[in-house]
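Structure record follows, encoded as structure tokens.
2 protein chains.
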Amino acid sequence: HYSIQKGAAFLGIGIDNIYLVGVDERGKMIPEELEKEIERAKAEGAVPFFVSATCGTTVLGTFDPLQGIADVCQRHGIWLHVDAAWGGSALLSRKHRHLLAGIEADSVAWNPHKMLTVGLQCSAFLLRDSSGLLQRCHGASAAYLFQPDKFYDVSYDTGDKTIQCGRRVDCLKLWLLWKAVGTEGLERRVDRAFAFTRYLAEEVKRREGFQLVLEPEFINLCFWFVPPSLRGKEGSADYWSRLHKVAPAIKERMMRTGSMMVGYQPHGARVNFFRQIVTNPAVTRADLDFFLDEIERLGRDL
Amino acid sequence: HYSIQKGAAFLGIGIDNIYLVGVDERGKMIPEELEKEIERAKAEGAVPFFVSATCGTTVLGTFDPLQGIADVCQRHGIWLHVDAAWGGSALLSRKHRHLLAGIEADSVAWNPHKMLTVGLQCSAFLLRDSSGLLQRCHGASAAYLFQPDKFYDVSYDTGDKTIQCGRRVDCLKLWLLWKAVGTEGLERRVDRAFAFTRYLAEEVKRREGFQLVLEPEFINLCFWFVPPSLRGKEGSADYWSRLHKVAPAIKERMMRTGSMMVGYQPHGARVNFFRQIVTNPAVTRADLDFFLDEIERLGRDL
């Protein structure tokens, strides 16, 4: 994820000190490749200290094999961080939480504002450490802000643990949602999002001109729409360059019409494709059908 | 400000590489002291590159003498940053903007969520540079998030310039307020806050048992409440240690009563004092009188 690059630059670590680990064709980190990179780094005189695994990549919605990665990290004494910003909410579903097996890492990032539709922004940073690491790292003990002589337990004053000073109480939104719909209500949201994706995936396979980029593992539905003019021409020289232009053209039309908004992007060697994600619990099957019908209607003459 | 310490730790610069500059009795940076520190740093083999001046310190509301500081920075080719998070809003008042004379710095931070009461959080970072510095520093050009092949001008996509990825559109709140009350409406808010402070300062001087910590330069009203049992005993050995406990005790009472919330803190050699700041445009003179009366009532028997 590009945040690793930004973080390394920002923290003074330097992007040259990031080692990229090989992945399989779905984008899953290969534990053997991780171990190879760690050994290569050590041989180069570097001190590897941090591995970032991902649960739910941005585009394809891929989950890294956490248990294999954790074994490697443990062997080398390296901090394992899991970026579960996107996929972490699957833990709320008894049916789907297996995707995150092995998430007992040193640190985990999770964004309830993504899949659970808590209002932006609501980010949780979970630490295995219980020795006050954040206080030691970020605490500046500015007594003019965090008075130690209050009449209540000042351990509830968490401000000094954070990086920012003035900031909103973002956790309250999650707490209110949780109180309002309950653990089972959240689970239903998660399960429903998986079911929507399954439904759309089957429709995409059934409909002419629609093509899955890959079978969804999570709730990212990645697909191409192939307009009639390109169907059956996979063998022609300009097929992929022409297909690359289809999603942006349809996106422009949907935005000008005002009927929908849906993201598209290229990914590695794959040309532009749509990425649909449905988390809104108010969405109905009819909306999902409209979504595919509308792409068909807008892209028919391309 | 303690954010400099946090920032230096966080960015990998290291807090040992911060040089503190001497201030006068109000906490204003002394330009001659700045120049001395720069020369000391250079003599020690360091490369000074960044000076942070403050317009509106947290507790006392002090403004650094920007013009003198800018001259020193220019002579040494050092980036001048002005932390106007708190005091920057004074620029909206024709009567009070002189406090910020010389703010034409390399960078300025300003929080409209502070004095203008825009909802938290709303932070502006203003740069003199117009060459795309933020894009070059923070841009990761992740094409799967910031597609270059959109049908509209992608220079409006500012996401890649920022540190965070998912985040709220905080500027909209300021824009809406500005549209709603206008430049003159904002100016009235600023002027009113100064007038409230002036009123309270005069009342504090007039009332027995109240004592200004210093004449307010901005809208921070810093004062002690001296309960009857301590009045006239400034010479006694335990006067200051007893006064130190007064503000926390009154704060506890006001919180338990539920009548008010007001901050207190020690500052340098000064024992705990109240810091009152009134920015809410709905506050009336009667509220200000109640504020002082209530402190008197709650602290009378201490």
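So the protein sequences, as listed, match chains A and B.
Be aware that the first sequence starts at 1, since it is given in full-length UniProt numbering, and climbs by one per residue.
Be aware that the second sequence starts at 1, since it is given in full-length UniProt numbering, and climbs by one per residue.
For every residue, glycine included, the Cβ atom is placed at its ideal position computed from N, Cα and C.
- Glutamine 276/A and alanine 84/B have their C-alpha atoms roughly 43 Å apart.
- Look at arginine 167/A here: in three-state DSSP terms it is coil, with no helix or strand label.
- For tyrosine 19/B, not one C-beta of chain A is nearer than 7 Å to its own C-beta.
- Scanning its chain for C-beta atoms nearer than 7 Å, with the 5 sequence neighbours on each side dropped, one finds around serine 52/B the residues Ile4, His81, Asp83, in chain order.
- With its beta carbon less than 7 Å from one in chain A, arginine 168/B belongs to the interface.
- DSSP assignment within the stretch 58 to 129 of chain A yields the following whole beta strand (DSSP E) runs of 3 residues or more, N-terminal first: 79 to 83, 107 to 110, 124 to 127.
- DSSP lists Val82/A as the bridge partner or partners of alanine 53/A.
- Contact check for isoleucine 250/A against leucine 298/A passes: the beta carbons are separated by less than 7 Å.
- Rounded to the nearest angstrom, the gap between the Cα atoms of glutamate 32/B and leucine 66/B is 13 Å.
- For tyrosine 152/B, the number of other beta carbons within 10 angstroms of its own is below 16, and it is reported as exposed.
- In the structure shown, arginine 297/A falls within a helical segment according to DSSP collapsed to helix, strand and coil.
- Residue ranges of uninterrupted alpha helix (DSSP H) with 4 or more members are absent from the stretch 5 to 34 of chain B; none lies entirely inside it.
- In the structure shown, phenylalanine 274/B falls within a strand segment according to DSSP collapsed to helix, strand and coil.
- Considering only Gly12/B, Ala8/B, Gly7/B, the residue with the shortest C-alpha distance to alanine 9/A is Gly12/B.
- Taking the C-beta atoms as reference points, valine 262/A is found no nearer than 7 Å to leucine 302/A.
- Nearest neighbour of threonine 197/B by Cα position, chosen from Gly45/B, Gly7/B, Leu60/B, turns out to be Leu60/B.
- Measuring C-alpha to C-alpha distances from glycine 68/A to each of Arg188/A, Val47/A, Ile103/A identifies Ile103/A as the nearest.
- Interface with chain B (7 Å Cβ-Cβ cutoff): glycine 209/A is excluded.
- Counting C-beta pairs closer than 8 Å gives three or more between the stretch 112 to 123 of chain B and the stretch 156 to 172 of chain B, which meets the contact rule.
- Within the same chain, and ignoring the five residues on either side of tryptophan 240/B in sequence, the residues whose Cβ sits closer than 7 Å to its Cβ are Val271.
- Taking 7 Å as the cut-off, the beta carbon of aspartate 64/A is found no closer than this to the beta carbon of lysine 6/A.
- When the five nearest sequence neighbours on each side are left out, the beta carbons in the same chain lying within less than 7 Å of the beta carbon of glutamine 265/A are those of Val59, Asn272, Arg275, in order along the chain.
- Leucine 174/B carries a helical assignment under DSSP once its states are collapsed to helix, strand and coil.
- Inclusion of alanine 43/B and tyrosine 19/B in the CB contact set at 7 Å is not warranted, their separation being larger than that value.
- For valine 154/A and valine 21/B, the gap between their C-alpha atoms comes out near 31 Å.
- Judged by pairs of C-beta atoms under 8 Å, the stretch 182 to 197 of chain B touches the stretch 86 to 94 of chain B, as three or more such pairs exist.
- The continuous beta strand (DSSP E) containing histidine 267/B extends over residues 263 to 267.
- Within the same chain, Cβ atoms closer than 7 Å to the Cβ of arginine 242/B are found at Leu230, the five residues on either side in sequence being excluded.
- Within a 10 Å sphere around the beta-carbon of valine 108/A sit 16 or more other beta-carbons, which makes this residue buried.
- With its beta carbon at least 7 Å from every one in chain B, alanine 53/A lies outside the interface.
- Around the C-beta of glycine 258/B, fewer than 16 other C-beta atoms lie within 10 Å, and the residue is accordingly described as exposed.
- Fully enclosed beta strand (DSSP E) runs of no fewer than 3 residues occupy 210 to 212, 221 to 225 of the stretch 210 to 236 of chain A, in order along the chain.
- Nearest in C-alpha terms to glycine 185/A, of all of Tyr2/A, Ser93/A, Phe125/A, Phe49/A, is Ser93/A.
- Remark: C-beta atoms of aspartate 160/B and glycine 132/B do not approach each other more closely than 7 Å.
- It is roughly 34 Å from the alpha-carbon of tryptophan 110/A to the alpha-carbon of asparagine 17/B.
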